[in-house]
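Report on one structure; see the data block that follows.
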Amino acid sequence: MSASRPLITVFSSISNIAPALRAAGLPLVEIVDEEALSGYGGTVEFDVSKLQESTKAKLRAAEILITEPSALADMLSLDEADLFSNLKWCQSTYAGVDPLFKAKLEFPLPFTLTRFAGVFGPPIAEWCLARIIGHERGFSASRKDQEEHQAWAKSTEILEYRYLSDLTLSILGCGDIGLCIGKAAKAFGMTVVGFSTTPRSNEPALDRSVTDLKEALQTGDYVVSVLPSTKVTRGLLTLDALTAANKENGGKSPVFLNVGRGDVTNTETILQALQDNHISAAILDVFEVEPLPQTNPLWKHPKVTISPHVSGLTRAQDVPKLVVEQYERYCQGEELVYKVDWEKSY
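Mapped onto our numbering, the consecutive letters of the sequence shown carry residue numbers 123 to 468.
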């Protein structure tokens, strides 16, 4: 760590992130490389082959870097060993850093990597509750009645809804985001069951904490996965696992929501689980391949709702608070929070 307060190098596709950090009083250098970042964050991926030499020079000089994990993974994959030779700490702009672990890189990396976390709970909780309410109340069917039939309550699902206070929500993953979802669900009167590898006793956001995946799947009327992409969670929700979601008393199978990472399951498993009635519907914000290819059969399945990974977006105005706190820790030689564990890949 430098004796003085080091500059922060910002190389990000997130609009206005550098001005927001500068307004917070942070000393920084912004890399503007329109060729490499053209279309990044949309349908075009970061083009590492178009990195300008001036960009590479700034990266070589960087002690602290703020960037997207996918961009970092691509740059680390370049055959340029000295590109991050001075880097001590990289702050990701996303909560998940799975692109790094999907790339063919050697771990541990020679610098500290921290996740952008602690801010996504409220927006993702809003998304989940909005989707649950919309599905339960038949909002899509109501819109279809309006547009196609100009009919008054033509679809029976508009009338055959359940109160949230009669339902149980099972949350797979009880970190910050999962607990925020639980708190929001309880505000609507839902019973909340949280699944995690370690028990969460006396947690106000949960009515019950379980460590058995089968129990969580059996219990929920709605099941939401907030699981990150790790060695343990990738492919966790197999078809065999989802058979546990069948209600023993013949009740309605749960609706599955995924706001964590798409590789916790896959397209074939979801389609088969729907066909076998292990789940009654799927509301998905994340997928094993993103953007979801147009040829993917999930697009046209009547029981699948697709959302383009927008349940919790990184906004420029949300970044400074965490970065300022982290920067002060770094300058004081203190431990950074949300450090990536190379063994757990999260």
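We put the beta carbon where it would ideally sit given N, CA and C, even for glycine.
Just verifying my parser: in three-state terms, what is the DSSP assignment at Tyr162? Taking the sequence shown and counting its residues from 1, one reaches residue 162 at position 40. Confidence at Tyr162 is low in this model, with a pLDDT of 48, below 50, so the placement of that residue should be treated as unreliable; the coordinate-derived value is given next. Residue state, collapsed to three classes: coil.
Own chain partners of Ile401 with C-beta closer than 8 Å, once the 5 adjacent residues on each side are dropped: Taking the sequence shown and counting its residues from 1, the one referred to as residue 401 is at position 279. Hits under 8 Å: Val345, Leu364, Ala367, Ser375, Pro376, Val377, Phe378, Ile392 and Ala395.
According to DSSP, residues forming a beta bridge with Ala184: Indexing the sequence shown from 1 puts residue 184 at position 62. Answer is none; Ala184 lacks a bridge partner.
Using a 10 Å radius around the Cβ and a threshold of 16 neighbouring Cβ atoms, would you call Pro306 buried or exposed? Along the sequence shown, one-based indexing puts residue 306 at 184. At residue 306 the sequence reads Ala, which differs from the Pro that was named. Buried is the call here.
Can you list, in chain order, the stretches of the alpha helix (DSSP H) that have 4 or more residues and sit fully within the segment 343 to 422? 361 to 364 and 389 to 397
In the DSSP output, which residue or residues are listed as bridge partners for Ile130? For the purposes of this step, residue 130 is identified with residue 8 of the sequence shown, where counting begins at 1. According to DSSP, which records beta bridges pairwise, Ile130 is partnered with Leu150 and Ile186.
Is the segment 240 to 257 touching the segment 285 to 305, taking contact as three or more C-beta pairs under 8 Å? Contact between the segment 240 to 257 and the segment 285 to 305 is present: 3 or more CB-CB pairs across the two stretches fall below 8 Å.
If the criterion is Cβ atoms closer than 8 Å, does the pair Asp334 and Leu289 meet it? Counting from one through the sequence shown, the residue named residue 334 turns up at place 212. Counting from one through the sequence shown, the residue named residue 289 turns up at place 167. It is not a contact, given that the beta carbons lie outside the stated cut-off.
Kindly indicate which residue of Lys466, Gln448 and Glu457 has the alpha-carbon position closest to the one of Phe238. Taking the first residue of the sequence shown as 1, we reach residue 238 at position 116. Measuring from the Cα of Phe238, the nearest candidate turns out to be Gln448.
Would you mind reading off the limits of the alpha helix (DSSP H) that contains Thr341? Counting from 1 along the sequence shown, the entry for residue 341 is found at position 219. Its alpha helix (DSSP H) spans residues Leu335 to Thr341.
Would the beta-carbon of Phe229 fall within 8 Å of that of Trp211? By one-based count along the sequence shown, residue 229 stands at place 107. By one-based count along the sequence shown, residue 211 stands at place 89. Going by C-beta atoms, Phe229 is not nearer than 8 Å to Trp211.
Cβ contact (3+ pairs, closer than 8 Å) linking the segment 453 to 462 and the segment 165 to 182: Touching, no.
Are Ser135 and Glu190 close, meaning C-beta to C-beta below 8 Å? The count along the sequence shown starts at 1 and reaches residue 135 at position 13. The count along the sequence shown starts at 1 and reaches residue 190 at position 68. Going by C-beta atoms, Ser135 is nearer than 8 Å to Glu190.
What are the partner residues of Ile428, as DSSP defines its beta bridges? The residue you call residue 428 lines up with position 306 of the sequence shown. DSSP, once it has assigned bridges, lists Leu406 as partnering Ile428.
What do you reckon, are the CB atoms on Glu325 and Ser331 nearer than 8 Å? On the sequence shown, position 203 is the one that residue 325 refers to. On the sequence shown, position 209 is the one that residue 331 refers to. One thing to note: Glu325 has its Cβ within 8 Å of the Cβ of Ser331.
Hey, is the segment 283 to 299 in contact with the segment 244 to 260, meaning 3+ C-beta pairs nearer than 8 Å? yes
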